[in-house]
Each structure stands twice: as C-alpha cells, then as structure tokens.
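So the structure is just underneath, and the comments pick up after that.
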Amino acid sequence: MTRKNQHVVPHDDKWAVRGAGNSKVTKQFDTQREAIEHARGIATNQQSEVLVHNKQVKFASGTATETTHFLQRDDLEPAIRMSGPAR
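In structure tokens form, the structure reads like this:
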C-alpha cells in the first residue's frame with residue numbers, strides 16, 4: 001500500500017480531505033473538525049501524516065499562498081482540541 005499524506009483543505013466554502021498528489025478530493029465536509037477526523041482515520045490506516053491547511057490566504061507579489069500546519073498522528077488529538085471553533 002502506498003503511504004499518502006492526507007491534506008485537510010478549504011474547498012468550495014467547506015472543508016475537504018485530499019490525498020497527496022491527488023487532483024480530486026476524497027470527501028467534502030461542512031467543518032474542519034469533521035475533515036480532520038476523516039483524514040486521521042485514513043492516515044492511521046496508511047501509516048501516513050495529516051497536513052491541515054487554513055483558509056487564510058496571504059498575497060505576496062500577486063501570488064496567493066496558504067499556511068499549512070503539519071500534524072503528526074500522535075499530535076492530532078491536542079491539535080483538534082486547541083484549534084478552536086471549526087468553521
């Protein structure tokens with residue numbers, strides 16, 4: 001089995017899980033928390049990691065970039081509790 005890190009990304013005013021390198025999302029959710037939980041299950045099964053992107057977009061020289069938070073499997077529970085209200 002290929003180990004693909006799972007990305008939690010903003011998608012059409014919702015949240016989605018996307019496997020690393022995939023062009024399509026795996027599944028879409030109303031909240032970031034739901035997406036993290038789903039990504040966590042996949043990452044645990046594949047022995048990979050979860051990367052959580054946020055919705056804040058910064059513009060530098062006309063290029064949009066997203067901030068990414070890297071979470072190891074062992075860090076997911078505290079990260080979910082500390083993330084505040086999911087949007």
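For the sequence shown, my numbering begins at 1 and goes up steadily by one.
Backbone N, C-alpha and C define an ideal beta-carbon position, used for all residues, glycine too.
Would you kindly work out how many angstroms separate the C-alpha atoms of residue i and residue j, rounded to a whole number?
i, j, result
"residue 10", "residue 42", "18 Å"
"residue 50", "residue 39", "7 Å"
"residue 23", "residue 17", "11 Å"
"residue 81", "residue 47", "Confidence at residue 81 is low in this model, with a pLDDT of 41, below 50, so its placement is unreliable and no value can be given for it."
"residue 26", "residue 52", "15 Å"
"residue 36", "residue 8", "6 Å"
"residue 4", "residue 44", "11 Å"
"residue 32", "residue 12", "13 Å"
"residue 78", "residue 34", "Confidence at residue 78 is low in this model, with a pLDDT of 44, below 50, so the placement of that residue should be treated as unreliable; the coordinate-derived value is given next. C-alpha separation (whole angstroms): 15 Å."
"residue 28", "residue 2", "22 Å"
Please tell me whether residue i and residue j are closer than 7 Å, where the distance is taken between their beta carbons.
i, j, result
"residue 55", "residue 30", "no"
Considering only DSSP beta bridges, list what residue i is partnered with.
i, result
"residue 11", "14"
"residue 28", "16"
"residue 156", "Residue 156 is absent from the model: the chain starts at 1 and stops at 87."
Quick one: is the Cβ of residue i within less than 6 Å of any heavy atom of the ligand NAD?
i, result
"residue 32", "This structure does not include the ligand NAD; it has no bound ligands of any sort."
If residue i sits next to residue j, beta carbons under 8 Å apart, how far is it from one beta carbon to the other, in whole angstroms?
i, j, result
"residue 6", "residue 19", "6 Å"
How about residue i: is its C-beta nearer than 7 Å to some C-beta of chain C?
i, result
"residue 54", "The structure shown has no chain C; it contains just one protein chain."
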